[in-house]
Structures are given as C-alpha cells and as structure tokens.
Amino acid sequence: MNRKQNACCGHEADGRRRSVLKSALGAVALGAAGGFPLAWANLAEAAVLTREQRDKLSPDDVIAMLKRGNERFRTGKMERHDYLAQKRASANGQYPAAVVLGCIDSRAPAEIILDAGIGEMFIARVAGNIANDDLLGSLEFACAVSGAKLVLVMGHTACGAIKGAIDHAQLGHLTGVLDKIKPAVDATAFDGARDSENYAFVDAVAKTNVLRTVEGIRRDSSVLAGLEKDGKIKIVGSMYHLVGGRVEFYG
Ligand SMILES: [Zn+2]
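Numbering of the sequence shown is given in my numbering, commencing with residue 1412 and proceeding in unit increments.
Dropping the structure here:
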C-alpha cells in the first residue's frame, strides 16, 4: 500500500472511530454502549454512523435520538458539525438511521432542527409532506434496501401547502399536490373558523394531514407495513413548531 492509500484508509478508519464520539445520532448509540469519556462526545470530528452502530439501534432508539437532537437544536446546544469530516467519512458508504418525509418549507430543514449531520438521515421533501408512489418508493429504498429504522413524517405549523388546500388554490402542478391534502381538511373536526386565516385550524389540518400520510404509507406500501409489523421499523408522525422549535412526536 503506498503512502497515499495508507493515508486515505487510515483517515477513514480514524474518522469512523471518532464518528462514534460526537455524531448527533452516534453519540447516543455510544452512550448506550458506554466506554468513552463523556467529554469526547464534544469533539468536533467526523460524524457518520457505521453499519454496525446503525444496525444495533431499535426504532425506539432512533426516535429517542431524534428527540435529543431536536432538544439540542431547540435549546441552542447543537453539536459542532465538521461537514468536511462527515463528507470524507461517508463518501464510501452510508448507513442512515431514519428517513424523514417533510415539507419543502425553508423554515423546516430536518437535518438542522434534528441536529443531524451528513450521512445520518435520508430526507424526502415535498409540499405538504404527502406520500405518492415516487415518495413511497424512496421510503422503501431507505428502509428495505438501506436499512433505516424509522420513517418520520414531519409536518409543520403555519404550512403554506395546508393553507393552499384549505383555500382550494389552483396553480399548474401544485393543484395535484394540494388535492392530496384536501381530504385532511374535510377530515379535521374543528370548532371555529375553518379558513386559512385561522392558524389554529391550519395547524389542526396539518396534524390530520400528517396522520393521514402515516396511515397512507401503511396502507399503500406493503413493504413498509411488513417491516413495521416485523418490528424492524416504525412509521411515526410528527409536527415541527416554527415558534419554539419543538418537534412534537405522535407516537
Ligand atoms: Zn409546509
């Protein structure tokens, strides 16, 4: 092995080892295993999950990690992500623990609000976090092929797509997206003004939409429903609160 190869391999191995120490997800996995000084968890080094670490996690472990990540974000105590180190450590393989189906809203970037780094989560984003065949295929890839343990559908408060569905907005291809949200409008029981000016109603519909998306994933993807039935994954809904920054988990 020449010097260049040696340096490369050594760097990757070192990066993987250090990744256990600080990763938003991996640090918790390490905590479960024990054995490293707590202070090491703050080292700003590579941060990617290895296959071994990821495969040891249960779906509930992953949920707990994401909650911790959101708590760090919400309280301003985020990990220091060394993106270049994460990029190097993940270039030859990825073992994400979760796949998030979220909205395209610029204020709801899943990696940031869950304090995760490169290589830790698959992210699918579409206006109104709805699921169609293409998105189901993406979720199936993440879990059945790549081994992610959690499907997290994440809506958010004050969602423009929800407002658009309430208002029966029509625009090009957006009309078809909003048509997939409209059943959630009708299905939302609500005392008060059922219009897009009423944010309480908008957020109530957003929750219905998240829960309907979760149900739809189970109904329309035998692959994912089967994995969940076998206890290999969980499919969970959630809501990101723009004010306060909390991700509320539904289950
Ligand atoms: Zn939105």
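Where a beta carbon is used, it is the ideal one built from N, C-alpha and C, also for glycine.
Whole-number beta carbon distance between residue j and residue i, since they are thought to touch under 8 Å
| i | j | result |
| --- | --- | --- |
| residue 1562 | residue 1540 | About 11 Å; that fails the 8 Å criterion. |
| residue 1571 | residue 1516 | 7 Å |
| residue 1558 | residue 1610 | Incorrect: roughly 39 Å between the Cβ atoms, too far for contact. |
| residue 1554 | residue 1510 | 7 Å |
| residue 1551 | residue 1534 | 15 Å between Cβ atoms; not a contact. |
Of the listed residues the options, nearest to residue i (C-alpha basis)
| i | options | result |
| --- | --- | --- |
| residue 1466 | 1485, 1556, 1493 | 1556 |
| residue 1489 | 1475, 1524, 1589, 1498 | 1524 |
| residue 1605 | 1504, 1573, 1468, 1643 | 1573 |
| residue 1501 | 1575, 1513, 1462, 1612 | 1462 |
| residue 1643 | 1491, 1508, 1497 | 1508 |
| residue 1514 | 1521, 1532, 1538 | 1538 |
| residue 1641 | 1460, 1583, 1470 | 1470 |
| residue 1478 | 1581, 1504, 1526 | 1526 |
| residue 1497 | 1460, 1487, 1464 | 1460 |
Contact set for residue i: own chain, Cβ-Cβ below 8 Å, skip 5 residues either direction
| i | result |
| --- | --- |
| residue 1612 | 1577, 1599, 1601, 1603, 1604, 1605, 1606 |
| residue 1650 | 1565, 1566, 1567, 1568, 1614, 1617, 1618, 1621, 1658, 1659, 1661 |
| residue 1381 | There is no way to answer for residue 1381, as the model of the chain reaches only from 1412 to 1662. |
| residue 1653 | 1518, 1519, 1567, 1568, 1569 |
| residue 1608 | none |
DSSP bridge partner residues for residue i (one or two, in chain order)
| i | result |
| --- | --- |
| residue 1387 | The chain is shown only over 1412 to 1662; residue 1387 falls outside these bounds and no answer can be derived. |
| residue 1533 | 1510 |
| residue 1562 | 1510, 1646 |
Own chain residues within Cβ distance below 7 Å of residue i, not counting five before or after
| i | result |
| --- | --- |
| residue 1646 | 1562, 1625, 1628, 1629, 1635, 1639 |
| residue 1580 | 1589 |
Own chain partners of residue i with C-beta closer than 6 Å, once the 5 adjacent residues on each side are dropped
| i | result |
| --- | --- |
| residue 1575 | 1589 |
| residue 1683 | Residue 1683 lies beyond the range of the chain shown here (1412 to 1662); nothing can be said about it. |
| residue 1542 | 1624, 1627, 1628 |
| residue 1633 | none |
| residue 1648 | 1564, 1621, 1622, 1625, 1661 |
| residue 1591 | 1541 |
| residue 1536 | 1513, 1515 |
Check: residue i C-beta below 7 Å from any heavy atom of ligand 2
| i | result |
| --- | --- |
| residue 1572 | For ligand 2, the structure offers nothing, since it holds only ligand 1. |
Legend entry - Validate contact between the segment 1614-1621 and the segment 1587-1600 using beta carbons, cut 8 Å, 3 pairs: Segments in contact, yes.
Inset, instruction - Evaluate the contact criterion for the segment 1580-1588 versus the segment 1546-1556: three or more CB pairs, one atom per stretch, below 8 Å. - result: Look at the beta carbons and you see the segment 1580-1588 not touching the segment 1546-1556: under three pairs across the two are nearer than 8 Å.
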